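Residue numbering for the sequence shown follows numbering that gives the first Met the number 0, starting at 0 and increasing by one per position.
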Amino acid sequence: MKAFCIGNGESRKGFDLEKLRPHGKIYGCNALYRDFTPDVLVAVDHGICHEIYNSGYCQKNEAWFRDWTKVPAMHYDMMIYSAVDKITRDEIKEYYDKHIENERTNAEEFVFHGSNLSGLA
Numbered sequence: 000m001k002a003f004c005i006g007n008g009e010s011r012k013g014f015d016l017e018k019l020r021p022h023g024k025i026y027g028c029n030a031l032y033r034d035f036t037p038d039v040l041v042a043v044d045h046g047i048c049h050e051i052y053n054s055g056y057c058q059k060n061e062a063w064f065r066d067w068t069k070v071p072a073m074h075y076d077m078m079i080y081s082a083v084d085k086i087t088r089d090e091i092k093e094y095y096d097k098h099i100e101n102e103r104t105n106a107e108e109f110v111f112h113g114s115n116l117s118g119l120a
């Protein structure tokens, strides 16, 4: 069986990806999901992984993410704000645009990603 690895760049514009289905499995990357549903969607960048997951795509389609470990929801506050009081939490949210939280729902698990921001201009 053949496998096709499809990116989400301009080079695929005008190509009907559905024509590949009878010939093998289609693996797509990143934002491809916005206008085509591959057999498997693969993403490694934290930002696009969260976008894909929050879109609801993963509820009905297969997606593979790097470093996507679910943690029980009861640990959220401890992991995000350990040893930080409420006033400091609010200041963090107000002054640092790199702190992004999705809407809290009744989910029983969450994922956490971070990066070292030193050196950013």
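Beta carbons are placed, not taken as given, at the ideal position from N, Cα and C, and that holds for glycine.
Only a predicted model underlies this, so the values are computations on that prediction, with no experimental measurement involved.
Check                                                                                                                                                             : Outcome
Near G6, what residues of its chain come up, given a Cβ to Cβ distance below 6 Å and the 5 sequence neighbours on each side ignored?                              : C28
Go ahead and label A42 buried or exposed: buried means 16 or more other beta carbons lie within 10 angstroms of its beta carbon, across all protein chains shown. : buried
On a CA-only basis, which of K92, H49 and F3 is nearest F109? Give me that one, please.                                                                           : H49
State the start and end residues of the unbroken alpha helix (DSSP H) segment that holds Y75.                                                                     : Y75 to Y80
When you compare each of K24, D34 and M0 to L13 by their alpha carbons, which one comes out closest?                                                              : The question names Leu, but residue 13 is Gly in the sequence shown. Cα-wise, what sits closest to G13 is D34.
For Y152, does the count of other Cβ atoms within 10 angstroms reach 16, so buried, or fall short, so exposed?                                                    : Lying outside 0 to 120, the shown extent of the chain, residue 152 is not represented and no answer is given.
How would you call I51, buried or exposed, if buried means at least 16 neighbouring beta carbons within 10 angstroms?                                             : buried
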